[in-house]
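S.K.:
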Amino acid sequence: MRVLAPSAGEIMALADVPDPVFAAEMVGAGLAITPGPEQQVAVAPIAGTVVKAMPHAYVVAGPDGAVLVHLGIDTVKLDGAGFEVLVAEKSEIAEGQECVRWTPGDIAAQGLSQLVLVCALDTPAGSVSAEHAGERVEQGAELFTI
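Numbered continuously in our numbering, the sequence shown closes out at residue 179.
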């Protein structure tokens, strides 16, 4: 499964994120992205069906698996403030389709991490290479394959 970057930014290994569940890859293997502070729209990492569409996170299920995109860490506490969901649950979407509008700098200003976490759900820890950590990825470019 080819997974695209929902945001542009610097790639980070999940093991380095400040959240023990994501860092241990309990949700699934993947990578994180440090986005810029400006307002942006996170896009679909794969084509498929929107299984979950919450303000701070969304899950897209395709024929080869499901991918979670989590915008920031502990952003569930914001109860949707600062996020605009642009897709509906159960809708079919194309890879790269706009999903959630947000401003990472506003999240950081509230003392929360603005990292974008991208996890292939139910995959074994270590099944995504972090060899490109520290490099920049453009939105819509391949982030990893699994």
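Yeah, the Cβ is synthetic: ideal placement off N, Cα and C, and Gly gets one too.
#1: By DSSP's criteria, V151 is part of a beta bridge. Which residues make up the other side?
#2: Within a Cβ cutoff of 6 Å, which residues of the same chain sit near A46, ignoring the five residues on either side of it in sequence?
#3: Who pairs with F116 in a beta bridge, going by DSSP?
#4: Hey, would you say E168 sits closer than 7 Å to I44, going by beta carbons?
#5: Hey, could you find the ends of the alpha helix (DSSP H) A56 is sitting in?
#6: By the DSSP assignment, the beta strand (DSSP E) with V74 in it spans what residues?
#7: Would you check if the region 54-72 and the region 108-119 touch, i.e. whether three or more CB-CB distances between them fall below 8 Å?
#8: Going along the chain, which residues of its own chain have a beta-carbon closer than 8 Å to the beta-carbon of A62, five neighbours each way excluded?
#9: Using CA atoms only, rank isn't needed, just tell me which of I106, G95, Q143, A86 is closest to A117.
M.R.: This is what the structure holds:
#1: L64, V102
#2: Result list for A46: A163, A166, in chain order.
#3: W135
#4: The Cβ-Cβ distance between E168 and I44 falls below 7 Å.
#5: 53-56
#6: 73-76
#7: no
#8: Listed in chain order, the non-local C-beta contacts of A62 below 8 Å within the same chain comprise L47, C152, A153, T156, P157, A158, G159, S160, V161, I179, local neighbours out to five positions each way being set aside.
#9: The sequence as given places Glu at residue 117; Ala does not occur at that position. Looking at the Cα atoms, A86 is the closest of the given residues.
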